[in-house]
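Below you'll find the structure, written out as structure tokens, and then a few comments.
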DNA sequence: GTCTATAGGTGGATAGAC
DNA sequence: GTCTATCCACCTATAGAC
């Protein structure tokens with residue numbers, strides 16, 4: 012196996028296990044077993060467990076950044092932009108089921124942890140863009156202006172991630188089993204959120 | 012120290028640490044130290060780490076159940092009921108800062124875990140009540156009826172918890188530091204969510 | 001009920017052969 | 001690059017004195 016192949020295999024296994032069990036509960040030996048690779052190799056490629064975790068985070072953030080770029084490039088009407096943002100959020104989280112779980116853990120842990128500045132910076136950028144967008148809509152008269160733009164932005168970007176982070180619970184609530192809702196249901200929820208958010212923002 | 016006093020002290024310390032670090036990363040020795048008590052006492056009162064964690068969960072769920080009961084007793088107009096639900100959610104999560112963190116971890120972990128059936132049952136009950144409420148509002152004409160009631164219910168109950176689970180990130184986004192927003196801001200957000208949700212649900 | 005001592009096991013990490 | 005063997009630290013849990 013070539014260098015990159017092996018390290019990639021380890022990264023895949025690690026991502027899966029960190030998502031499923033969290034950082035502390037996951038052992039290097041488990042990762043080696045899951046990757047079908049000698050556990051000692053983890054140290055050859057990643058020095059230690061902490062750096063391995065960061066490498067996993069780095070790859071995930073790369074995914075988000077790529078997807079995120081898509082949603083900000085064209086700046087159409089505010090309501091179309093909100094729709095696009097929600098859509099990309101939804102597709103990103105559906106496409107990488109390990110993302111919401113690791114993200115969820117990072118959100119809760121943020122204080123102590125690993126919490127990459129990248130992530131904080133990225134979400135801050137995205138957040139302030141969304142705030143501007145909402146303010147623009149308010150000035151244009153399409154959005155109601157008796158709502159704090161920052162709180163509204165938080166509400167909008169909360170809806171989709173929570174659904175995916177709490178996926179097993181959503182499975183119970185929607186009676187589709189503990190594995191969570193199927194892909195079509197998740198897509199449908201994404202479309203619902205766009206409607207819900209725009210209805211909340213719309214001027215009367 | 013009397014029995015209950017000691018076990019209560021241990022529970023307090025454990026709740027704090029489990030919230031801050033999670034189950035796997037928290038050690039019995041840390042708990043003993045934080046509680047100012049001999050670590051071996053943990054086993055005297057709670058048998059093992061797992062059962063201690065369940066005891067912590069049990070206390071927290073008790074809190075939720077007590078608060079939750081309040082919000083369902085009187086059944087006023089649907090929009091008032093939504094307002095009340097959001098308000099209680101917000102106050103409960105503000106009042107017990109350790110609740111959203113442990114809850115967040117449970118949400119992510121639900122599969123494997125400890126995830127008490129109590130919690131699942133409780134949220135399911137609350138959820139189906141909210142669904143009925145929304146459907147009632149739709150039939151009464153106060154809520155728009157071109158929205159799936161279950162999806163709408165999920166959206167409504169997502170808004171407040173996400174804010175508290177991601178509290179450190181919210182601190183960054185709202186520029187109030189990594190400790191998260193202050194109590195007044197959290198209250199204000201709760202009020203905002205009520206407006207946001209009702210605007211989203213309202214018939215045109 | 002509380003404390004000390006310790007058994008028993010596992011995890012992260014390294015040294016060194018191949 | 002890969003694998004074996006192993007060290008050391010630390011964690012859960014128990015036995016037993018007080």
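Residue numbers (the numbering used here), protein chains in the order written: chain A, 12 to 215; chain B, 12 to 215. Even glycine gets a Cβ: it sits at the ideal position worked out from N, Cα and C.
- The beta carbon of residue 137 of chain A does not come within 7 Å of any beta carbon belonging to chain B, so the residue lies off that interface.
- Rounded to whole angstroms, the Cβ separation of residue 133 of chain A and residue 93 of chain A is 19 Å, and the two are not in contact under 8 Å.
- Taking the Cα of residue 151 of chain A as reference, the smallest distance to any Cα among A:204, A:113, A:89, A:164 is reached at A:89.
- The DSSP assignment places complete alpha helix (DSSP H) segments of no fewer than 4 residues inside the segment 58-133 of chain B at 60-83, 89-106, 109-120, in order along the chain.
- Shown here, residue 174 of chain A sits in a helix according to DSSP, grouped into three states.
- Listed along chain A, no residue sits closer than 7 Å to residue 98 of chain B by beta-carbon distance, the nearest being about 16 Å off.
- Within the same chain, Cβ atoms closer than 7 Å to the Cβ of residue 208 of chain A are found at 93, 97, 167, 170, the five residues on either side in sequence being excluded.
- Within the DSSP bridge table, the entry for residue 154 of chain B names B:213 as partners.
- For residue 201 of chain A, the CB contacts under 7 Å within the same chain, skipping 5 residues up- and downstream, are 97, 98, 101, 171 in chain order.
- At least one beta carbon of chain B lies nearer than 7 Å to the beta carbon of residue 173 of chain A.
- A direct Cα-Cα distance of roughly 12 Å separates residue 38 of chain B from residue 51 of chain B.
- Under the DSSP assignment, residue 28 of chain A falls in the alpha helix (DSSP H) whose first and last residues are 14-32.
- Contact check for residue 130 of chain A against residue 72 of chain A passes: the beta carbons are separated by less than 7 Å.
- Among the residues of chain B, those whose CB is under 7 Å from the CB of residue 159 of chain A are 203, following chain order.
- For the 7 Å CB-CB criterion, residue 193 of chain A and residue 182 of chain A do not form a contact.
- For residue 154 of chain A, the nearest beta carbon of chain B is not closer than 7 Å to its own beta carbon.
- When secondary structure is reduced to three states using DSSP, residue 185 of chain A falls in the coil class, being assigned neither helix nor strand.
- Nearest Cα to residue 139 of chain A within the set A:157, A:161, A:53, A:13: A:161.
- If you look at residue 43 of chain B, you'll find it in the alpha helix (DSSP H) that goes 39-46.
- Against chain A, a Cβ distance below 7 Å from residue 185 of chain B picks out 161.
- Rounded to whole angstroms, residue 113 of chain B and residue 32 of chain B show a C-alpha spacing of 9 Å.
- Against chain A, the CB of residue 69 of chain B has no partner CB under 7 Å away; the residue lies outside that interface.
- The residues 56, 57, in chain order, have a CB closer than 8 Å to that of residue 18 of chain B in the same chain once the five nearest residues on each side in sequence are set aside.
- Contacts between residue 180 of chain A and chain B, judged by CB atoms closer than 8 Å, involve 118, 121, 131, 134 in chain order.
- Distance from the CA atom of residue 215 of chain A to the CA atom of residue 206 of chain B, rounded to whole angstroms, is 13 Å.
- A distance of 7 Å or more separates the beta carbons of residue 41 of chain B and residue 22 of chain B.
- For residue 101 of chain A, no CB of chain B lies under 7 Å from its own CB, so it is not counted at the interface with that chain.
- Against chain A, the CB of residue 176 of chain B has a partner CB under 7 Å away; the residue lies at that interface.
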